[in-house]
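Trainee:
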Amino acid sequence: MMKKITIILSLLNTSFLLVVLAACENFSFSETHEGKVVKVLDGDSLNIIQQGKEVRIRLAEIDAPEHGQPFWKQSRQALESYVSDKNVSVEEFDRDQYGRIVGHVYLNDTWINGKLVQQGYAYVYDRYAVSKKLHEYQAQAEKNKVGIWKLPEKQRIKPWDWRKTNLK
Numbered sequence: 013m014m015k016k017i018t019i020i021l022s023l024l025n026t027s028f029l030l031v032v033l034a035a036c037e038n039f040s041f042s043e044t045h046e047g048k049v050v051k052v053l054d055g056d057s058l059n060i061i062q063q064g065k066e067v068r069i070r071l072a073e074i075d076a077p078e079h080g081q082p083f084w085k086q087s088r089q090a091l092e093s094y095v096s097d098k099n100v101s102v103e104e105f106d107r108d109q110y111g112r113i114v115g116h117v118y119l120n121d122t123w124i125n126g127k128l129v130q131q132g133y134a135y136v137y138d139r140y141a142v143s144k145k146l147h148e149y150q151a152q153a154e155k156n157k158v159g160i161w162k163l164p165e166k167q168r169i170k171p172w173d174w175r176k177t178n179l180k
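First residue of the sequence shown? That's 13 in the numbering used here, and the numbers climb one at a time after it.
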């Protein structure tokens, strides 16, 4: 009888721990990738070299202006200035339909996804965003009129809306 109680308590403790960890905003069961940035494609995509192979990364939870949109170049240049030719770590969040790793990119202790939103170079991708901090960064960037937020309102078309009408 005592053995059964011990097993049940052990299972309850393990279940409780898993629930607590899953509830933590920054906890993740994901894989971490490390590599040198060899190419910045746009404001939210880059390539790293990992174990001799080029791997495409899509920054999670954010969406930067598309090629042809106002602020596209500035967004791409910002990401390039932060990470080009530098070693980064990528906390894998998911894989997208193109096979890209979707993740949070870090340069040392700097969260690049957050920095891009904070400085107005990318929008929070509402459809996929789960980090409360990103919404705080975007509200602050909008309030301070930095980056995208200094453009006239009619030029501030969110990339996902722009793609619907311009990439058919």
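Even for Gly, the Cβ is constructed at its ideal location relative to N, Cα and C.
(1) With DSSP collapsed to three states, give me the class of Tyr-149.
(2) Looking at C-alpha atoms only, which residue of Gly-115, Ala-72, Ser-87 is the closest neighbour of His-79?
(3) Closer than 7 Å by C-beta to Val-158: which residues in its own chain qualify, once you throw out the five before and the five after it? Chain order, please.
(4) Check whether the Cβ atoms of Val-129 and Val-117 lie closer than 7 Å to each other.
(5) Give every residue of the same chain whose Cβ lies closer than 7 Å to the Cβ of Glu-154, excluding the five residues on either side of it in the sequence, and list them in chain order.
(6) Would you mind sorting Gln-81 into buried or exposed? The rule is 16 or more other CB atoms within 10 Å of its CB.
(7) Could you tell me if Leu-179 is buried or exposed, where buried requires 16 or more neighbouring beta carbons within 10 angstroms of its beta carbon?
(8) Could you tell me the distance, in whole angstroms, from the CA atom of Gln-152 to the CA atom of Asp-106?
(9) From Tyr-94 to Lys-166, what does the alpha carbon distance come to, in whole angstroms?
(10) Using 10 angstroms around the beta-carbon of Tyr-215, count the other beta-carbons present and answer buried if the total reaches 16, otherwise exposed.
(11) In terms of residue numbering, what span does the alpha helix (DSSP H) encompassing Arg-175 cover?
(12) Tell me the DSSP secondary structure of Glu-92 in three-state form.
(13) Could you say which of Ala-90, Ala-72, Asn-156, Ile-169 lies nearest to Glu-104 if we only look at CA atoms?
(14) First and last residue of the alpha helix (DSSP H) that includes Asn-120?
Mentor: According to the structure data:
(1) Counting from 1 along the sequence shown, the entry for residue 149 is found at position 137. The answer is helix: DSSP assigns Tyr-149 an H, G or I state.
(2) Start at 1 with the first residue of the sequence shown, and residue 79 comes out as number 67. Comparing Cα positions, the closest option is Ser-87.
(3) Translated into positions along the sequence shown, residue 158 becomes position 146. The answer, listed in chain order, is Gln-131, Gly-132.
(4) Within the sequence shown, the letter at position 117 stands for residue 129. Within the sequence shown, the letter at position 105 stands for residue 117. No. Outside cutoff.
(5) By 1-based counting over the sequence shown, the position of residue 154 is 142. Excluding sequence neighbours, Glu-154 sits near Trp-161.
(6) Counting from one through the sequence shown, the residue named residue 81 turns up at place 69. Burial call: buried.
(7) Working through the sequence shown from its first residue, we reach residue 179 at position 167. So Leu-179 ends up on the exposed side.
(8) Taking the first residue of the sequence shown as position 1, residue 152 is located at position 140. Taking the first residue of the sequence shown as position 1, residue 106 is located at position 94. So the two alpha carbons sit approximately 27 Å from each other.
(9) Taking the sequence shown and counting its residues from 1, the one referred to as residue 94 is at position 82. Taking the sequence shown and counting its residues from 1, the one referred to as residue 166 is at position 154. So the alpha carbons of these two residues sit roughly 28 Å apart.
(10) Nothing about residue 215 can be read from this structure; the chain reaches only from 13 to 180.
(11) Within the sequence shown, the letter at position 163 stands for residue 175. Looking at the DSSP string, the run of the alpha helix (DSSP H) that includes Arg-175 is 171-178.
(12) What you label residue 92 is simply residue 80 of the sequence shown in a count that begins at 1. If DSSP states are grouped into helix, strand and coil, Glu-92 belongs with the helices.
(13) In the sequence shown, residue 104 corresponds to position 92, counting from 1. Nearest of Ala-90, Ala-72, Asn-156, Ile-169 to Glu-104, Cα basis: Ala-72.
(14) Taking the first residue of the sequence shown as position 1, residue 120 is located at position 108. From DSSP, Asn-120 is part of no alpha helix (DSSP H); its letter is neither H nor E.
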